[in-house]
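Q: Once you know that position 27 of the sequence shown is 34 in the working numbering, the rest is easy, because the numbers rise by one and skip nothing. Glycine is no exception: its CB is placed at the ideal position from the N, C-alpha and C atoms. Note that the structure is a prediction, hence the values are computed from the model and not measured.
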Amino acid sequence: MLRWANPQTFNSRKSRTIAEVRSQKSEVRSKTIAILSFETNVDVLTALATAILDSPVCPLRTLRERRTLRKVYFK
8 MLRWANPQTF
18 NSRKSRTIAE
28 VRSQKSEVRS
38 KTIAILSFET
48 NVDVLTALAT
58 AILDSPVCPL
68 RTLRERRTLR
78 KVYFK
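(1) Ignore the nearest five residues each way along the sequence and tell me which others in M8's own chain have a CB closer than 7 angstroms to its CB.
(2) So, do the stretch 71-81 and the stretch 51-63 have three or more beta carbon pairs nearer to each other than 8 angstroms?
(3) Taking the straight line between their C-alpha atoms, what separation do you get for D50 and S44?
(4) Taking just the CA atoms, how far does T53 sit from S30?
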């Protein structure tokens with residue numbers, strides 16, 4: 008059985024390591040939420056733009072103009 012010379016040193020290191028891992032998990036979680044939020048916003052804006060371009064009251068006069076615009080923005 009492995010024995011530590013000083014159990015307090017082991018417990019201190021263990022506590023610091025646990026705190027560091029929790030901090031990293033929290034940081035990863037925050038970044039993941041930010042990425043998902045950004046992707047959701049892009050999807051919503053894309054759907055909105057598509058709906059506007061496909062709308063019969065779209066200010067662009069012709070279907071050709073709408074298709075050209077869609078090709079430019081939605082590659």
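A: By the coordinates alone:
(1) Unreliable placement is indicated for M8, whose pLDDT of 49 sits below 50; no coordinate value is reported for it.
(2) yes
(3) 10 angstroms
(4) 35 angstroms
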